[in-house]
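J.: Here you go, one structure.
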Amino acid sequence: MALIRLGFGRQHFCLLKRRSFLMLKLAALVFAVVLFCEFLIYYLVIFRCDWPEVKTPASDSGQKTLKAMFLADTHLLGEVRGHWLDKLRREWQMERAFQTALRLLQPEVVFILGDIFDEGKWSSSQAWADDVERFQKIFRHPRHVQLKVVAGNHDIGFHYQMNAYKIKRFEKVFSPERLFSWKGINFVMVNSVALEGDGCHICSEAEAELIEISRKLNCSRKLLWWLRPRLILSGHTHSACEVLHGAEVPEISVPSFSWRNRNNPSFIMGSMTPTEYALAKCYLPYEDTVLATYCVAAGLLVVLILVHSELLPSPFLFGWNLLRKFKTT
1 MALIRLGFGR
11 QHFCLLKRRS
21 FLMLKLAALV
31 FAVVLFCEFL
41 IYYLVIFRCD
51 WPEVKTPASD
61 SGQKTLKAMF
71 LADTHLLGEV
81 RGHWLDKLRR
91 EWQMERAFQT
101 ALRLLQPEVV
111 FILGDIFDEG
121 KWSSSQAWAD
131 DVERFQKIFR
141 HPRHVQLKVV
151 AGNHDIGFHY
161 QMNAYKIKRF
171 EKVFSPERLF
181 SWKGINFVMV
191 NSVALEGDGC
201 HICSEAEAEL
211 IEISRKLNCS
221 RKLLWWLRPR
231 LILSGHTHSA
241 CEVLHGAEVP
251 EISVPSFSWR
261 NRNNPSFIMG
271 SMTPTEYALA
281 KCYLPYEDTV
291 LATYCVAAGL
301 LVVLILVHSE
311 LLPSPFLFGW
321 NLLRKFKTT
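Residue numbers (full-length UniProt numbering): 1 to 329.
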């Protein structure tokens, strides 16, 4: 009787040991997949990005090179059209991508060119405050990194929706400066929504600001559209300065940084001196790759559980038997 009990105890202990070993393997697999899909994949993809080189090295010309990141159309979801699960997933992806890019690439300036929010054009005061709080968490940055934000039509409304209240609300959070200069490079940040040329009050103020900037930069009024840009950067969904296309000034459409976009989210890296610039695009991880990894991991989990339950032969045992059968024949 004692031997039977001892045998039963050993069998029970072995069963518990097998179950514990299975749970350990399952937990290790889940942890590894989550770690890869939610953290490591951003490092693996963004690590391949590199700053472009200007034609004349800064060391040869005596000029300092500025490293600037340009992104647009983050479209943080609002309370009306934003489902909480969609918010959680998309904003986590943007946060990980942005924080990883800051750590690996170490830009000096980051420009976000419009449409920061998806519902800023109609959001209430409380909803606006909530959206701003989430933005500041996602795009937090060290003090030595400058973050410059330009308003888009989803932030302050389309031209016929825009008003002074929405503009002041935006500029209360984000600096209203129009001219930003660093390392001898001038960046003019324009409210493109106010450039309809229809003589509206806000449009007149925007044009007056550009004239004042032109005066500060000692530009001639005969030059291209008050200023003489070397490069125009606009948001992904619409061009801010289409009237300048005929002046042989290159315009680069900055891609969407949000996973809501059907295209692969990405951003632009710029190496700049006062006389030259070079641009390169840096892609972010494909969401299809992440989903495929999760699907493969789920399949492996099912196989492990079936093998443990002896509903499916062990792949190693199956392969060994197959090899023995091949040798005997």
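Virtual Cβ for every residue (Gly too), placed ideally from N, Cα, C.
1. Under the rule that 16 or more other beta-carbon atoms within 10 Å means buried, what is TRP128, buried or exposed?
2. Please list the terminal residues of the continuous beta strand (DSSP E) segment that includes ILE185.
3. Count the other CB atoms, across all protein chains shown, that sit within 10 Å of the CB of GLU177; report buried if there are 16 or more and exposed otherwise.
4. CA-CA distance, CYS49 and SER192?
5. Quick check on the DSSP output: what are the complete beta strand (DSSP E) runs of length 3 or more inside the segment 129 to 159, in order along the chain?
6. Can you look up TRP84 in the DSSP assignment and give me helix, strand or coil?
7. Give me the Cα-Cα distance between PHE180 and LEU147, rounded to the nearest whole angstrom.
8. Rounded to whole angstroms, what is the Cα-Cα separation between LEU40 and GLU209?
9. Taking only the alpha-carbon atoms, compute the straight-line gap between TYR42 and ARG215 and give it to the nearest angstrom.
10. Ends of the beta strand (DSSP E) at SER253?
11. Expressed to the nearest angstrom, what Euclidean distance is found between the alpha-carbon atoms of HIS154 and HIS308?
12. Apply the 10 Å Cβ neighbour rule to TRP92 and answer buried if 16 or more other Cβ atoms are within range, or exposed otherwise.
13. Can you round the beta-carbon distance between ILE112 and LEU71 to whole angstroms, since I take them to be within the 8 Å contact cut?
14. If you follow the beta strand (DSSP E) that SER266 is in, where does it begin and where does it stop?
15. Within 10 Å of its beta-carbon, does GLY199 have 16 or more other beta-carbons around it, so buried, or fewer, so exposed?
16. Hey, quick one: how far does the alpha helix (DSSP H) through TYR286 stretch, first residue to last?
17. How is LYS67 classed by DSSP in three states: helix, strand or coil?
T.: Once the coordinates are examined:
1. Burial of TRP128 is indicated by the presence of at least 16 other C-beta atoms within 10 angstroms of its C-beta.
2. Where ILE185 is concerned, the enclosing beta strand (DSSP E) stretches over 185 to 188.
3. The residue in question, GLU177, is exposed, as its Cβ has fewer than 16 Cβ neighbours within 10 Å.
4. Inter-residue distance for CYS49 and SER192 is about 30 Å (C-alpha atoms, whole angstroms).
5. DSSP runs (the beta strand (DSSP E)) wholly in the segment 129 to 159: 146 to 150.
6. It is helical.
7. Cα to Cα, the separation comes out at about 11 Å.
8. Here the alpha carbon of LEU40 sits roughly 45 Å from the alpha carbon of GLU209.
9. Counting only the Cα atoms, ARG215 lies some 44 Å from TYR42.
10. If you look at SER253, you'll find it in the beta strand (DSSP E) that goes 251 to 253.
11. C-alpha separation (whole angstroms): 54 Å.
12. Its Cβ having fewer than 16 others within 10 Å, TRP92 is exposed.
13. Confirmed, Cβ separation roughly 6 Å.
14. For SER266, the uninterrupted beta strand (DSSP E) segment begins and ends at 266 to 272.
15. That one is exposed.
16. Annotation: TYR286 is outside any alpha helix (DSSP H) and is labelled neither H nor E by DSSP.
17. Residue state, collapsed to three classes: strand.
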